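Peer 1:
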Amino acid sequence: MAFFFVSLYLISIGTGGLKPCLEAFGADQFDERNKVERQRKVSFFNWWYFGLCMGALIAFTILVYIQDNVSWGLGFGIPAIAMAVALVIFMAGTKFYRHKVPAGSPLTLIAKVVISAIRKRHMELPDNPAVLYDGLDKDSPLMVKRKLSHTNCLRFLDKAAILDHSSFDANHPRSWYLCTLTQVEEVKLLFCIFPIWLTMLTYGIVFAQTSTLFTKQGSTMNRRINAHFEIPAASLQSFTTISILMLIPIYDRAFVPLFRRLTGHQRGITMLQRIGIGLLMSILSMIVAAVVEKQRIDVAREHDLLDSPKSVIPISIFRLLPQYILSGVSDVFAIVGQQEFFYDQVSDRARSFGVALYLCAMGVGSFLSSLLITIIESITGKGSSWFNSNINRGHLDYFYWLLAVISTANFILYSVISHSYEYKELRSMDSLLIE
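Residue numbers for the sequence shown, in mature numbering (1 follows the signal peptide of the UniProt record, and there is no 0): -16 to -1, 1 to 419.
#1: Quick one: measure Cβ to Cβ for Leu229 and Leu41, integer angstroms, because I've assumed they're closer than 8 Å.
#2: Look at the alpha carbon of Ser336 and the alpha carbon of Ile299, and state the distance between them as a whole number of angstroms.
#3: Counting Cβ pairs, one atom from each stretch, are 3 or more of them under 8 Å apart for the region 268 to 287 and the region 160 to 171?
#4: Express the C-alpha separation of Leu162 and Ser89 in angstroms, rounding to a whole number.
#5: Determine the direct distance from the alpha carbon of Lys294 to that of Trp181, and round the result to whole angstroms.
#6: With a CB to CB cut of under 7 Å and the five nearest residues on each side skipped, what residues in its chain are close to Leu2?
#7: Ignore the nearest five residues each way along the sequence and tell me which others in Arg208's own chain have a CB closer than 6 Å to its CB.
#8: Tell me, which residues are paired with Phe152 by DSSP?
#9: Might you give, ordered along the chain, the residues of its own chain that have their beta carbon closer than 8 Å to the beta carbon of Gly188, omitting 5 neighbours on each side?
#10: CB Thr330 to CB Leu116, shorter than 9 Å?
#11: Quick one: using the 10 Å Cβ neighbour count with 16 as the cut-off for buried, is Ser368 buried or exposed?
#12: Residues in its own chain within less than 8 Å of Ala8 by CB, not counting five upstream and five downstream?
#13: Going by DSSP, which residues form a beta bridge with Ser300?
#14: How big is the Cα-Cα spacing for Gly365 and Phe44?
#15: Give the DSSP-derived three-state secondary structure of Asn376 in the structure shown.
#16: Let's test the definition: count the other Cβ atoms within 10 Å of the Cβ of Phe198 and tell me whether it reaches 16, buried, or not, exposed.
#17: What span of residues does the alpha helix (DSSP H) with Glu286 cover, start to end?
#18: Could you tell me how far apart the beta carbons of Ile240 and Arg258 are, in whole angstroms, since I believe they sit closer than 8 Å?
#19: Checking 9 Å against the spacing of the C-beta atoms, do Ala144 and Val97 come in under that value?
#20: Exposed or buried, which one is Cys176 when buried takes at least 16 other CB atoms within 10 Å?
#21: Can you give me the C-alpha to C-alpha distance between Arg139 and Pro113, rounded to a whole angstrom?
#22: Check the DSSP bridge columns for Glu108 and list the partner residues they point to.
#23: Does the beta-carbon distance from Ser314 to Val190 come in below 9 Å?
#24: Any heavy atom of the ligand GDP closer than 8 Å to the CB of Asn155?
#25: How long is the line joining the alpha carbons of Ile232 and Asp291, rounded to whole angstroms?
#26: Measure the C-alpha to C-alpha separation of Leu289 and Leu386 and round it to an integer number of angstroms.
#27: Given a cut-off of 9 Å, decide if Phe34 and Gly10 are closer than it, judged by their beta-carbon atoms.
#28: I'd like the span of the alpha helix (DSSP H) that includes Phe191, first residue to last.
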């Protein structure tokens, strides 16, 4: 058992280091100075998620079948070999990649700006932000090309860029005392996206149900396609994955061009609008899941199967299709929207950090889901438990309704926050765009 948990932690560590860096690295391969590449970059996150879901579909179907019917060793061996081959292919392309020089930790920059502002807390802010220090940021090779416009939010941090007689030491800016205006704006970006990030935690809770309670629901239903084949419970997530694989090409090739003509926006709709649509779809998914669960329990009651949790309830597994499809639609809008938003709305030096924020929201949401279940179980466990070991005597439908209510409140909060959000604005780039 210890070896098993060590393996899980190794996967977690590897995934945590790989996903944010690799995704940001892939997006960085597009040159934003080139109009054609800048246009293609709009589609990158759609097809990135498409590729991830294609791999997930293989895992949920072929690998699950091999593990259930052939060998667990072979089922784990195949992805291990696949990862080794993928690593070789990735390394083979090293000389063809566009590499960007590391520009330092965004966490260190946050500390520098905050401490510099605190050290100058008694100074008055100038009325004209143009007098704030805007010298070269030697930590960032892109600084000359990409300067951020001044914003009026969190103006206290502007004090980090105030010049005084102590600002320089031997003609060099004093570290941890004087920061450039763009450095200050980089930190503001991170602080300003934090409220948006907080609203993603509720979505993370809903997202966790697809691979947990949805599967538990389906495991008690009729999963037979014919007399010889039964859908493995672990493969039920493939319904969501298939819906994603079907929708992403439609979104990228039809939805975006159509709405681009209607709105004039490069992405068709804004990133926050895309996330908002995904949040709405997640609410609908929970509502449908609650209705289907009530139907499942009613059928179990009609056939006197409430106290037979291992018996197959005569209701088709395909009753779960609507909630799985809605979950997939939600992912296409909310998940990919988050990837775009947290990558795009941070500074160049913090893009891997931005993608990590999205992944962190999903991870924290999963932990919050477990915490919420624990709290509810402590309240209802002595009576009619919502999470009875006998699922037929539980009330997953109540839990789904609760998540729908929480998600609705979260959507309202998200709408208020996103309405007042100001997108990042570049003050200057290369004067010549590559055609």
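For every residue, glycine included, the Cβ atom is placed at its ideal position computed from N, Cα and C.
Every value quoted in this text rests on a predicted model; they were computed, and no experiment measured them.
Peer 2: On the basis of the data shown:
#1: Counting from 1 along the sequence shown, the entry for residue 229 is found at position 245. Counting from 1 along the sequence shown, the entry for residue 41 is found at position 57. Indeed, because the Cβ distance is near 7 Å, the residues count as touching under 8 Å.
#2: For the purposes of this step, residue 336 is taken as residue 352 along the sequence shown, with counting starting at 1. For the purposes of this step, residue 299 is taken as residue 315 along the sequence shown, with counting starting at 1. Cα to Cα, the separation comes out at about 45 Å.
#3: no
#4: Numbered from 1 along the sequence shown, position 105 holds the residue referred to as residue 89. Numbered from 1 along the sequence shown, position 178 holds the residue referred to as residue 162. So the alpha carbons of these two residues sit roughly 17 Å apart.
#5: Counting from 1 along the sequence shown, the entry for residue 181 is found at position 197. Counting from 1 along the sequence shown, the entry for residue 294 is found at position 310. Cα to Cα, Trp181 sits roughly 40 Å from Lys294.
#6: Residue numbering aside, residue 2 sits at position 18 when the sequence shown is read from its first letter. Excluding sequence neighbours, Leu2 sits near nothing in its chain.
#7: Your numbering for residue 208 matches position 224 in the sequence shown. Excluding positions up to five away in sequence, the list reads Glu214.
#8: Here residue 152 corresponds to residue number 168 of the sequence shown, with the count starting at 1. Paired residues: Pro157.
#9: Residue mapping note: residue 188 aligns to position 204 of the sequence shown, counting from 1. Hits under 8 Å: Ala345, Met346, Gly347, Val348, Gly349, Ser350, Leu352, Ser353.
#10: Working through the sequence shown from its first residue, we reach residue 330 at position 346. Working through the sequence shown from its first residue, we reach residue 116 at position 132. The displayed chain sequence assigns Val, not Thr, to residue 330. For Val330 and Leu116, no; Cβs fall outside 9 Å.
#11: Here residue 368 refers to the residue found at position 384 of the sequence shown. The residue in question, Ser368, is exposed, as its Cβ has fewer than 16 Cβ neighbours within 10 Å.
#12: Translated into the one-based positions of the sequence shown, residue 8 becomes position 24. Around Ala8: Tyr327, Arg335, Ser336, Gly338, Val339.
#13: By 1-based counting over the sequence shown, the position of residue 300 is 316. Ser300 pairs with Asn206.
#14: As a working note, residue 365 is residue 381 in the sequence shown. As a working note, residue 44 is residue 60 in the sequence shown. Their Cα atoms are separated by approximately 33 Å.
#15: Along the sequence shown, one-based indexing puts residue 376 at 392. Reduced to three states, the DSSP call for Asn376 is helix.
#16: On the sequence shown, residue 198 is found 214 positions in, with the first residue counted as 1. Counting Cβ neighbours within 10 Å, Phe198 comes out buried, since at least 16 surround it.
#17: Start at 1 with the first residue of the sequence shown, and residue 286 comes out as number 302. That run of the alpha helix (DSSP H) goes 255 to 286.
#18: As a working mapping, residue 240 is identified with position 256 in the sequence shown. As a working mapping, residue 258 is identified with position 274 in the sequence shown. Rather than Ile, the amino acid found at residue 240 in this sequence is Val. Rounded, the Cβ-Cβ distance is 10 Å, inconsistent with contact.
#19: By one-based count along the sequence shown, residue 144 stands at place 160. By one-based count along the sequence shown, residue 97 stands at place 113. Yes, the pair counts as a contact, with Cβ atoms nearer than the cut-off.
#20: The sequence position of residue 176 within the sequence shown is 192, counting from 1. Cys176 comes out buried.
#21: Along the sequence shown, one-based indexing puts residue 139 at 155. Along the sequence shown, one-based indexing puts residue 113 at 129. Looking at the two C-alpha atoms, the distance is approximately 10 Å.
#22: Reading the sequence shown from its first residue, position 124 is the one you call residue 108. According to DSSP, Glu108 bridges with nothing at all.
#23: As a first step, residue 314 is located in the sequence shown; it is residue number 330 there, counting from the start. As a first step, residue 190 is located in the sequence shown; it is residue number 206 there, counting from the start. In this structure, Val190 lies closer than 9 Å to Ser314 by Cβ.
#24: Looking at this structure, you won't find the ligand GDP or any other ligand, since it has none at all.
#25: Counting from 1 along the sequence shown, the entry for residue 232 is found at position 248. Counting from 1 along the sequence shown, the entry for residue 291 is found at position 307. For Ile232 and Asp291, the distance between alpha carbons rounds to 42 Å.
#26: The sequence position of residue 289 within the sequence shown is 305, counting from 1. The sequence position of residue 386 within the sequence shown is 402, counting from 1. Those two C-alpha atoms are separated by around 26 Å.
#27: Position 26 of the sequence shown, counting from 1, holds the residue named residue 10. Position 50 of the sequence shown, counting from 1, holds the residue named residue 34. Taking 9 Å as the Cβ cut-off, Gly10 and Phe34 do not qualify as a contacting pair.
#28: Here the question's residue 191 lines up with position 207 in the sequence shown. Counting along the chain, the alpha helix (DSSP H) containing Phe191 begins and ends at 165 to 193.
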